[in-house]
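The structure appears right after this line, and notes come after that.
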């Protein structure tokens, strides 16, 4: 979990520097494997912003609220909490992983495998991997929702830095709208294919009392625009209510 052998992440007080260092470390660790990754951190961190040993934090970390049963979210890990010197984590280092540092930094990552490209056969996936709408929306939304509860429990009252990335994703594509819609099954134009190694959504500064749905929507607007899709093609977002609804 360390950026390097000399420096522990909890000794870094600048959230931007911490995020950059851990991103470089992550990129090195995954080599050429394709991954989705999202992080959030207070802009100014401290060694003990979050008490990762408290019952309340561990309960919300193990059983996040507002999670769709069986969905692509922060609940569906089938693993218990593990402790390490700088914080806690759930998951598998080579698969999906949710990490919370005691300095307020939280990270989630998942491989861009057939689970992320649901409803594709092995042959289709190998020929043209296609990101599935549910994990594309639900992973960042559930991550942001979980952290909003951690913020309230820990009384964090500082601005936060959010970063979202699709790494080693060259050759992947994405369809618009909900999978149940005709626009998904019969798109008007051929889906655009990612033509670069990484698709990095610009980092966002948000207030500690952010709305997970609206922040997720802003991140996804950039992501969907990368495939030449307009905001109304983002699935599950109910504009007049400003929420995502997935059943």
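In my numbering, the protein residues as written are 631 to 877. In this text, a Cβ means the ideal position worked out from N, Cα and C, and glycines have one as well.
{"Asked": "Residue 796, buried or exposed, once every other Cβ within 10 Å from all chains shown has been counted against 16", "Found": "buried"}
{"Asked": "N-terminal and C-terminal residue of the beta strand (DSSP E) that residue 667 is part of", "Found": "665-672"}
{"Asked": "Cα-Cα separation between residue 720 and residue 729, rounded to whole angstroms", "Found": "7 Å"}
{"Asked": "Same chain only: Cβ atoms within 6 Å of residue 775, ignoring 5 sequence neighbours per side", "Found": "696, 842"}
{"Asked": "Simplified DSSP assignment, three categories, for residue 825", "Found": "coil"}
{"Asked": "N-terminal and C-terminal residue of the beta strand (DSSP E) that residue 844 is part of", "Found": "Unbroken run through residue 844 is the alpha helix (DSSP H), 842-855; no beta strand (DSSP E)."}
{"Asked": "Beta-carbon spacing of residue 821, residue 805 below 7 Å", "Found": "yes"}
{"Asked": "Complete runs of the alpha helix (DSSP H) confined to the segment 733-818 [at least 4 residues]", "Found": "752-757, 763-784, 812-815"}
{"Asked": "Check whether residue 645 and residue 671 have beta carbons under 7 Å apart", "Found": "yes"}
{"Asked": "Residue burial classification, residue 714 (beta-carbon count within 10 angstroms, cutoff 16)", "Found": "exposed"}
{"Asked": "Identified DSSP bridge partners for residue 718", "Found": "713, 730"}
{"Asked": "Sequence-distant residues of its chain with Cβ nearer than 8 Å to residue 799 (five each side left out)", "Found": "664, 742, 824, 827, 828, 829"}
{"Asked": "Residue 658: first and last residue of the uninterrupted alpha helix (DSSP H) it sits in", "Found": "645-660"}
{"Asked": "Residue 634 in three-state terms, based on DSSP", "Found": "With a pLDDT of 47 at residue 634, under the threshold of 50, the modelled position of this residue cannot be trusted, and the question is left open."}
{"Asked": "Beta-bridge partners of residue 680, as assigned by DSSP", "Found": "DSSP lists no partner for residue 680."}
{"Asked": "Contact under 7 Å by Cβ, residue 716 with residue 731", "Found": "yes"}
{"Asked": "Continuous alpha helix (DSSP H) stretch holding residue 699: start and end", "Found": "Taken as a continuous stretch (DSSP letters only), residue 699 belongs to no alpha helix (DSSP H), as it is neither H nor E."}
{"Asked": "Integer Cβ distance of residue 735 from residue 639, believed to fall under 8 Å", "Found": "7 Å"}
{"Asked": "CB contact flag (residue 673, residue 784, <7 Å)", "Found": "no"}
{"Asked": "contact_flag[the segment 644-661, the segment 752-766] where n(CB pairs < 8 Å) is 3 or more", "Found": "no"}
{"Asked": "Extent of the continuous alpha helix (DSSP H) run through residue 687", "Found": "685-692"}
{"Asked": "Residue 687 versus residue 737 - alpha carbon distance", "Found": "15 Å"}
{"Asked": "DSSP state of residue 858 mapped onto helix, strand, coil", "Found": "coil"}
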